[in-house]
Amino acid sequence: MTVSVDTGPLDILRRLLEQPTAPFHEVRVLTVIGAILNHWGIPFRSDRHGNLIARYQNGRGPRWALMAHTDHPGVEITGVRGGTAHGTFLGGVRPDSLPGARVRLFCGDDAQGQPATITATRMVGGEKRVTIALERPGSVSPGAFGTFDLGAPTVNEKTVAAIAVDDLIGCATALSVLAWLKSSGARARVWGVFTRAEEVGFAGAQLLAEAGTLPRDTLVVSLEASKEMAGARQGMGPVIRVGDRTSTFNGDAEYRLHGAAKKLAEANSDFRFQRQLMSGGTCEATVFAALGYPAVGLAYPLVNYHNMIDDGGIAREQVATADYLGGVDLLETAVTAPAGDSLAGYYRRLTRATARYRKRLS
Ligand SMILES: [Zn+2]
39 MTVSVDTGPL
49 DILRRLLEQP
59 TAPFHEVRVL
69 TVIGAILNHW
79 GIPFRSDRHG
89 NLIARYQNGR
99 GPRWALMAHT
109 DHPGVEITGV
119 RGGTAHGTFL
129 GGVRPDSLPG
139 ARVRLFCGDD
149 AQGQPATITA
159 TRMVGGEKRV
169 TIALERPGSV
179 SPGAFGTFDL
189 GAPTVNEKTV
199 AAIAVDDLIG
209 CATALSVLAW
219 LKSSGARARV
229 WGVFTRAEEV
239 GFAGAQLLAE
249 AGTLPRDTLV
259 VSLEASKEMA
269 GARQGMGPVI
279 RVGDRTSTFN
289 GDAEYRLHGA
299 AKKLAEANSD
309 FRFQRQLMSG
319 GTCEATVFAA
329 LGYPAVGLAY
339 PLVNYHNMID
349 DGGIAREQVA
359 TADYLGGVDL
369 LETAVTAPAG
379 DSLAGYYRRL
389 TRATARYRKR
399 LS
């Protein structure tokens, strides 16, 4: 696969959003990520589970990991008979919204994919089994994967709309920050971590966390597109995600992101940010938090989460472009901030301020 490389955050995002992806079938996204990293001369490797880990290091200071997943809910074909395919739908999409949904099935190097329609869904042992009518019988074989068929991505100054904004926009964020670090030569220590099979339960992230691939003091930022909600509105800026449906995150990591956001807002009245516990889902920060990593989230408010619309139909996911660009700015500021811009640094300042009351309270 030859991959052309554009360089700005919107170019990177567009390039990624053009790639079809599904849990366990992330190879096209990973190939583009590798090409972009090669273009910038940023070293990377794959771990034994196929997660991709890139690294930028210039000087010392806190270690950061910008983490995003490369998959999105989609279908895996397990059997084909004539014009009918059978498969499993992987990821959190309501079964009742699947029948009638148009999909595109990818086999081998097929760039365009084969058009098809999901005709029926049934739950078997917790799995969503789907029956699919092929437009061209014989066009796919078992092992193919499929995405919803919702057309090409849109990336303009206002809106990002695509099948798999979650979480290719997180991948684009990490890549954009790495590209900026490399081109500016800024002092920072940043890993870009691109995980697999998140939508089936954080499989890639969990195996990576258990392997201890990242040093235990790494500040892990889970980059996500997450369902819009009160206090996390689209167009109001990236959201410093202080927690998710399952757990609350690390105070120091969150303090650093918040400090960077406040610094940016002071310098630029157009910069907006939000700070919220986004309980619409669980993200990879919880996995790393459970294993003792200082983890936090950064999220973009998402409309049509997992392609589901309120009337039961299927549509492209949407994020505000300004939220994405603000998120890239926020992280660039955070990962290059002085080491002392930490919760411990705050406490040292507090201690100095409290010194004069020490005697009075004794
Ligand atoms: Zn998701």
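Position one of the sequence shown corresponds to residue 39 (my numbering), numbered consecutively onward.
Just so it is clear, CB atoms sit at the ideal spot from N, CA and C, and this is done for glycine as well.
| query | result |
| --- | --- |
| Beta carbon of residue 233 nearer than 7 angstroms to that of residue 89 | yes |
| For residue 319: DSSP bridge partner residues | Paired residue(s): none; residue 319 is not in a bridge. |
| Test item: CB-CB of residue 277 and residue 128 under 7 angstroms | no |
| Rounded distance between the beta-carbons of residue 260 and residue 322, thought under 8 angstroms | 4 angstroms |
| Distance cut 7 angstroms, beta-carbon to ligand 1 heavy atom: residue list by chain order | 110, 111, 129, 130, 204, 205, 236, 237, 319 and 344 |
| Beta-carbon proximity list for residue 178, same chain, < 7 angstroms, skipping 5 on both sides | 115, 118, 123, 143, 145, 152 and 172 |
| Identified DSSP bridge partners for residue 352 | 346 |
| Alpha-carbon spacing of residue 338 relative to residue 313, whole angstroms | 11 angstroms |
| Alpha-carbon spacing of residue 37 relative to residue 293, whole angstroms | For residue 37 there is no data in the structure shown, the boundaries of the chain being 39 and 400. |
| Backbone secondary structure at residue 280 - three-state DSSP | strand |
| Contained beta strand (DSSP E) runs [length at least 3] in the segment 237-286, N- to C-terminal order | 257-265 and 277-281 |
| Option in 211, 136 and 53 with minimal Cα separation from residue 192 | 53 |
| Whole-number beta carbon distance between residue 282 and residue 319, since they are thought to touch under 8 angstroms | 6 angstroms |
| Beta-bridge partners of residue 114, as assigned by DSSP | 126 and 183 |
| CB of residue 375 within 7 angstroms of CB of residue 256, strictly | no |
| Sufficient close CB pairs (3 or more, under 8 angstroms) joining the segment 292-308 to the segment 209-229 | no |
| Residues bridged to residue 156 (per DSSP) | 170 |
| Assigned secondary structure, residue 36 (DSSP; H/G/I helix, E/B strand, else coil) | Residue 36 falls outside the range modelled here, since the chain spans only 39 to 400, and no answer is possible. |
| Helix, strand or coil at residue 91 according to DSSP, with G and I counted as helix | strand |
| Closer than 7 angstroms to chain D by CB, residue 387 | Included in the structure is just one protein chain, with no chain D present. |
| The beta strand (DSSP E) enclosing residue 340, as first and last residue numbers | 333-340 |
| Same chain only: Cβ atoms within 7 angstroms of residue 333, ignoring 5 sequence neighbours per side | 258, 260, 287, 288, 291, 323, 326 and 327 |
| Nearest-angstrom Cβ-Cβ length linking residue 113 and residue 60, presumed shorter than 8 angstroms | 7 angstroms |
| Proximity below 7 angstroms, CB of residue 252 to CB of residue 80 | no |
| Sufficient close CB pairs (3 or more, under 8 angstroms) joining the segment 357-368 to the segment 198-207 | yes |
| N-terminal and C-terminal residue of the beta strand (DSSP E) that residue 378 is part of | It is not in any beta strand (DSSP E) - residue 378 carries neither H nor E in the DSSP assignment. |
| Alpha-carbon to alpha-carbon, residue 130 and residue 161 | 13 angstroms |
| Terminal residues of the beta strand (DSSP E) in which residue 369 lies | Careful: residue 369 lies outside any beta strand (DSSP E), inside the alpha helix (DSSP H) at 359-373. |
| Inter-residue spacing [alpha-carbon to alpha-carbon] between residue 93 and residue 230 | 6 angstroms |
| Closest residue to residue 109 among 168, 49 and 262 (Cα-Cα distance) | 262 |
| Helix, strand or coil at residue 107 according to DSSP, with G and I counted as helix | strand |
| Own chain, CB closer than 7 angstroms to residue 187, minus 5 neighbours either side, in chain order | 140, 141, 142 and 153 |
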